[in-house]
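Here's the structure we're looking at; comments come further down.
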Amino acid sequence: MYAPLTLTSLYLYPVKSLGGYAVAEAEVTPRGLRHDRRWLLVDERNRFMTQRQQPELALLAVAPAYNGFLISHRQRPELLPLFIPFEATPDRTLFVTVWDDILWAWRGTPEADEWFAEALGRPCRLVYMSDMVRRDVEPDLNPEGQLVSFADGYPFLLAGEAALADLNTRLAEPVPMNRFRPNLVFAGGAAYEDDLWEQFQIGEWPFRAVRGCGRCVLTTIDQATAQKSPVGDPLRTLATYRQAENSTLFGQNVTGPGHGRLRVGDALTVLSRK
Numbered sequence: 000m001y002a003p004l005t006l007t008s009l010y011l012y013p014v015k016s017l018g019g020y021a022v023a024e025a026e027v028t029p030r031g032l033r034h035d036r037r038w039l040l041v042d043e044r045n046r047f048m049t050q051r052q053q054p055e056l057a058l059l060a061v062a063p064a065y066n067g068f069l070i071s072h073r074q075r076p077e078l079l080p081l082f083i084p085f086e087a088t089p090d091r092t093l094f095v096t097v098w099d100d101i102l103w104a105w106r107g108t109p110e111a112d113e114w115f116a117e118a119l120g121r122p123c124r125l126v127y128m129s130d131m132v133r134r135d136v137e138p139d140l141n142p143e144g145q146l147v148s149f150a151d152g153y154p155f156l157l158a159g160e161a162a163l164a165d166l167n168t169r170l171a172e173p174v175p176m177n178r179f180r181p182n183l184v185f186a187g188g189a190a191y192e193d194d195l196w197e198q199f200q201i202g203e204w205p206f207r208a209v210r211g212c213g214r215c216v217l218t219t220i221d222q223a224t225a226q227k228s229p230v231g232d233p234l235r236t237l238a239t240y241r242q243a244e245n246s247t248l249f250g251q252n253v254t255g256p257g258h259g260r261l262r263v264g265d266a267l268t269v270l271s272r273k
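Numbering (numbering that gives the first Met the number 0), first residue to last: 0 to 273.
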């Protein structure tokens, strides 16, 4: 008999591909959890930057602060922490590219750009997604018209503790959940049972598991050191038993109600299955 399904962790990642932090509760918005991935670093061509190409982004830790967050470098204490507000001040704009989407964004401050350039050793810009920008989830899988922030494609990523525990029994060195960067973590149930979910509820709020999340090289990067696994794990091991639709799957891409509030400890109830 499995334990009841329960929401055990909530994570925010205010800047795409930088560190995240846990919260006890979070507001649900039309683009995902409030303040999640609304900021983004772009390169000289205004193209999005991630750990896939720049693993050292993992060294930029993020901690909550009043009305914003602090960014610090895990290995360079001489770099004073940088404060970023949750929302940008409307000023300068530019067009940025995230995968195949071309979006306009507000510029951050020159001081922030200088801090990141020093931290990463290359020119880059910090940009913010305004509520006036419309970026849709994949249209053929999005009858609700759900929006998304600078996340790869969906407003929420759900992962189960049982799935991680099962994966770790197959690895020479276990990995923590932060390799998969979920927003919503649940306990209870069988490993990977979320593969079969369609509609589910957290607390009183309805969600939909749209598709399994195809994983990439980012999962092989230690989030504390920015070092890649020399053997390509956990992705290599996952690929031996979690292949579907030409992807290696872990967790679920999820759409949500557009409003509400989630709290750690909320009950999770499966309403329908695929």
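C-beta: ideal position from N, C-alpha, C; glycine also.
- Bridge pairing for Y10: A21 [DSSP].
- The DSSP-derived three-state label of F149 is coil.
- About 16 Å separates the Cβ atoms of L156 and R134, ruling out a contact at the 8 Å cut-off.
- For the region 70 to 102, there is no continuous alpha helix (DSSP H) assignment of 4+ residues that stays within its boundaries.
- Straight-line measurement puts the Cα of D90 at about 42 Å from the Cα of P233.
- Assigned with DSSP and collapsed to three states, N66 falls in coil, not helix or strand.
- CA-CA distance, F94 to G187, rounds to 43 Å.
- Looking at D100, V27, Q251, S16, the one whose alpha-carbon comes closest to that of Y191 is Q251.
- For T268, the enclosing beta strand (DSSP E) stretches over residues 267 to 269.
- Assignment of P54 by DSSP, reduced to helix, strand and coil, places it in the helix class.
- Assigned with DSSP and collapsed to three states, N252 falls in strand.
- Within the same chain, A190, Y191, D193, F249, G250 come within 8 Å of A162 by CB-CB distance, once the 5 residues on both sides are set aside.
- Beta-bridge analysis with DSSP links L32 to V27.
- The criterion of a C-beta distance shorter than 8 Å is not satisfied by A57 and I201.
- Rounded to whole angstroms, the Cβ separation of D35 and Y12 is 6 Å, and the two are in contact under 8 Å.
- If the five residues before and after V174 are omitted, its C-beta is found closer than 6 Å to the C-beta atoms of P233, all from its own chain and listed in chain order.
- Taking C-alpha positions only, A238 is separated from N45 by approximately 33 Å.
- Within the region 203 to 265, the alpha helix (DSSP H) runs of at least 4 residues that lie entirely inside it are, in chain order, 234 to 237.
- Between L32 and A266, the C-beta gap is not smaller than 8 Å, which leaves the two residues out of contact.
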